[in-house]
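A.B. asks:
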Amino acid sequence: MTQLFMVHPGPLPATEPDERLRAATHQDAAGLARLMQAAYDQPWDAARIAHDLLDAPDVPVTWVLVEDGRILACASERLLPDTYPGAGYLHYVAADASASGRGLGAIITRRVLAGFAARGLARAVLETDDFRRPAVMVYLRLGFVPEYRDETERTTWSTLLPQLLTTRPTKGS
Numbered sequence: 008m009t010q011l012f013m014v015h016p017g018p019l020p021a022t023e024p025d026e027r028l029r030a031a032t033h034q035d036a037a038g039l040a041r042l043m044q045a046a047y048d049q050p051w052d053a054a055r056i057a058h059d060l061l062d063a064p065d066v067p068v069t070w071v072l073v074e075d076g077r078i079l080a081c082a083s084e085r086l087l088p089d090t091y092p093g094a095g096y097l098h099y100v101a102a103d104a105s106a107s108g109r110g111l112g113a114i115i116t117r118r119v120l121a122g123f124a125a126r127g128l129a130r131a132v133l134e135t136d137d138f139r140r141p142a143v144m145v146y147l148r149l150g151f152v153p154e155y156r157d158e159t160e161r162t163t164w165s166t167l168l169p170q171l172l173t174t175r176p177t178k179g180s
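This is the structure:
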């Protein structure tokens, strides 16, 4: 597993109004913990949600996408101006596996990017794992590009990108 770094050089895309999107509150902690526990191979509970997302000084907002009272996706706006001046850090994106293929990861990511733009930020950055291929495809489609921090990342991207960009033959072709 390799951590990959991506940059959205801007302009950051706008988002369409979506009544399913709202800022998370402490009442969402249990639902967020459920979602994060399923999405990441790490223990998550309400206390960690509060510490890492809802009360973290570098995370001004965590967005949730809610349908029928259930949180189906989340992502956070993280600000690390000393490390990434002029850029927002796309933080902890997760989508419920039961909603796979519905574009919820892209919707919640666009909401975060719009939040960065509203804060006057021109760029966005993120880190992800090389095995999160569906997420990497979403980020590429939204305008993120790879940035190599070291030779390991360069090698990983040079292997991963051709795999991601290979189109599957359609029936009859």
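Mind the numbering: the sequence shown is residues 8 to 180 in the numbering used here, read in order. In this text, a Cβ means the ideal position worked out from N, Cα and C, and glycines have one as well. Keep in mind that this is a model prediction, so the values were computed, not measured.
#1: To which residues does DSSP link Leu-86 through a beta bridge?
#2: Would you identify the three-state DSSP class for Gln-49, choosing helix, strand or coil?
#3: Please report the Cβ distance between Ile-56 and Ala-40, rounded to the nearest whole angstrom; I am assuming they are in contact, meaning their Cβ atoms lie under 8 Å.
#4: To the nearest angstrom, report how far apart Leu-171 and Asp-65 are at their CA atoms.
#5: Are Glu-84 and Gly-95 touching if we call contact CB-CB under 8 Å?
#6: Write down the C-beta distance between Val-73 and Arg-130 rounded to the nearest angstrom, noting that I regard them as a contact closer than 8 Å.
#7: In the structure shown, what three-state DSSP assignment does Met-43 receive?
#8: Considering only DSSP beta bridges, list what Trp-70 is partnered with.
#9: For Ala-113, which of Ala-124, Leu-97, Ala-125, Arg-126 has the nearest alpha-carbon?
C.D. replies: Walking through what the data contain:
#1: For Leu-86, DSSP assigns no beta-bridge partner whatsoever.
#2: Secondary structure at Gln-49: coil, using DSSP grouped into helix, strand and coil.
#3: 5 Å
#4: 32 Å
#5: In this structure, the beta-carbon distance from Glu-84 to Gly-95 falls below 8 Å.
#6: Actually they are not in contact, since the Cβ atoms of Val-73 and Arg-130 sit about 29 Å apart, beyond 8 Å.
#7: Shown here, Met-43 sits in a helix according to DSSP, grouped into three states.
#8: DSSP lists Ala-30, Ala-82 as partners of Trp-70.
#9: Leu-97
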